[in-house]
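A short worksheet on the structure shown next.
2 protein chains.
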Amino acid sequence: MSLIDKLNWRYATKRMNGTKVPQEKVDRILEAIRLAPTSFGLQGFKVIVIEDEALREQIFNGACQQPQIKEASHVLVFAANKKVTQEQVNEYIQDIATTRNMPLEALDGFKGMFAGVVAGDEQQNFGWTARQTYIALGVGLAAAAEEEVDATPMEGFSAEALDAILGLAEQNLGSVSVLTLGYRDAANDYLASAPKVRKSKENLFILK
Amino acid sequence: MSLIDKLNWRYATKRMNGTKVPQEKVDRILEAIRLAPTSFGLQGFKVIVIEDEALREQIFNGACQQPQIKEASHVLVFAANKKVTQEQVNEYIQDIATTRNMPLEALDGFKGMFAGVVAGDEQQNFGWTARQTYIALGVGLAAAAEEEVDATPMEGFSAEALDAILGLAEQNLGSVSVLTLGYRDAANDYLASAPKVRKSKENLFILK
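As given, the protein sequences belong to chains L and V, one line each in that order. Using my numbering, read the first sequence as starting at 1 and increasing by one per residue. Using my numbering, read the second sequence as starting at 1001 and increasing by one per residue.
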């Protein structure tokens, strides 16, 4: 199947059957997420990868009563940095210098481009870092489809409750979206056989 | 090459060589963007696909002085709905009913879930629709890599100027990101041979 075929195959799976996704498939999906581009390359977020059943029960009861939380193989939480700090920028610049074998001074201009971001407040910073997580979410969705692993992106949860359960605020993080990975329970999911609804090309694209 | 290999091959191309991307590749990248999931499936955005050279010159001069705007084969502008309207929700619900051959009444519950969104103001609505465009951007980036087409995601432009040039505000749209499609000019792009910098797995993922 081509990527297009696989994107047509996938859908926002509402019921999963509990089957575990093979580790090498999970690893490739996570690697795609890791490789996803972000603004300035900063990757101002973390992805919490949850298999633990007790923790998933807690999330189900306290933050997101969707059955996939318990029926999925893995629950991924995309959590963005609330504040972009100078320390984080410095670490990133050091990473570039090391990876590319460059003197730090050669990156002074690039480093300076973060001044406005670091000067911003939490609301501004989180607005920006949260958007970046959606690029990784999109790449992760494509990678899951490529692996023929079902994946459900979710915004329908209490971020406040999820942050508390995972202790995210203490780590300068706020949850933005959830992606469950697993396999569809086609017999119990009415959406499994429902035709996909998307805008027509004519309605989505404006050609100039 | 696997998708992972292709994601390693791609990079935020700074210089492109003007070569046109074959139409069937552009079509597949756009189809992937069209198939990208969004919250509630609403797809509250449009993608402006620009080939016209005069328009690209105008964008370069007025909104985004990055050479890829002129050197790319196609310039895609992701523009999100400023306001989510009841009319738009009704159209979408009608689309579902038609596509899935369901009575409209069967969708009353789902339709009701949009009440809070429609009641929101422009700032709230645009904050939400803008995020959704990044999922499509991520899927589009993966699809471009799959096609071995270079792609550069950009936030570094004047949204106000770009909106004015494209007449977006009058269409209830605001530009969020730009994705240029084309082919790298490796000889003139210092980034073409630079090792990719990404957080380590240990630094990006928290396993639970």
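By construction, the Cβ of each residue, glycine as well, lies at the ideal position given by its N, Cα and C atoms.
Fewer than three pairs of CB atoms, one per stretch, sit closer than 8 Å, so the stretch 17-34 of chain L makes no contact with the stretch 159-172 of chain L.
The DSSP assignment places complete beta strand (DSSP E) segments of no fewer than 3 residues inside the stretch 1045-1110 of chain V at 1045-1050, 1074-1081, in order along the chain. DSSP lists V:L1179 as the bridge partner or partners of P1153 (chain V). For F205 (chain L), the enclosing beta strand (DSSP E) has its first and last residue at 205-207.
For the stretch 188-207 of chain L, the set of positions with a beta-carbon nearer than 8 Å to some beta-carbon of chain V reads A194, P195, K196, V197, R198, K199, K201, L204, F205, I206, L207 in chain order. Counting of Cβ neighbours within 10 angstroms places L104 (chain L) among the exposed residues, the total staying below 16. Within the same chain, Cβ atoms closer than 7 Å to the Cβ of L137 (chain L) are found at F78, P153, S177, L179, the five residues on either side in sequence being excluded. Interface flag for E1146 (chain V) against chain L is set, since a Cβ pair is found closer than 8 Å.
Closest option to Q86 (chain L), judged by alpha-carbon separation, among L:G182, L:R198, L:G116: L:G116. Using a Cβ-Cβ distance cut-off of 8 Å, the stretch 1187-1205 of chain V and the stretch 93-112 of chain L are in contact, since at least three pairs of beta carbons, one from each stretch, lie closer than that value.
A distance below 8 Å separates the beta carbons of V1049 (chain V) and L1030 (chain V).
Going by C-alpha positions, A1072 (chain V) is about 20 Å away from F40 (chain L). Per DSSP, the continuous alpha helix (DSSP H) segment holding G140 (chain L) begins and ends at 122-146. Note that the C-beta distance between K70 (chain L) and N172 (chain L) is not below 8 Å.
By the beta-carbon neighbour count (other beta carbons within 10 angstroms, threshold 16), L181 (chain L) is buried. Between A1032 (chain V) and A1145 (chain V), the C-beta spacing is not below 8 Å. Its chain contains M1016, N1017, T1019, D1150 as the residues whose beta carbon lies nearer than 7 Å to that of Y1183 (chain V), once the 5 sequence neighbours on both sides are disregarded; these appear in chain order. Of the other Cβ atoms in all chains shown, 16 or more fall within 10 Å of the Cβ of Y92 (chain L); this residue is therefore buried. Closest option to K1014 (chain V), judged by alpha-carbon separation, among V:K1201, V:E1202, V:L1191: V:L1191. Taking CB atoms only, L1107 (chain V) has no neighbour in chain L less than 8 Å away. Out of L:W9, L:L3, L:Q132, L:E53, the CA that lies nearest to the CA of K1208 (chain V) is found in L:E53. Between S1158 (chain V) and the set V:T1038, V:I1004, V:Q1066, V:W1009, the nearest pair of CA atoms involves V:Q1066. For L1173 (chain V), the beta-bridge partners assigned by DSSP are V:N1081.
Classified as exposed, S2 (chain L) has fewer than 16 neighbouring CB atoms from the shown chains inside 10 Å of its CB.
Think of a sphere of 9 Å around the beta carbon of V89 (chain L): no beta carbon from chain V falls inside it, the nearest being about 13 Å out. Here DSSP, grouped into helix, strand and coil, assigns R184 (chain L) to strand. A1080 (chain V) is positioned such that its CB atom lies no closer than 8 Å to that of G1120 (chain V).
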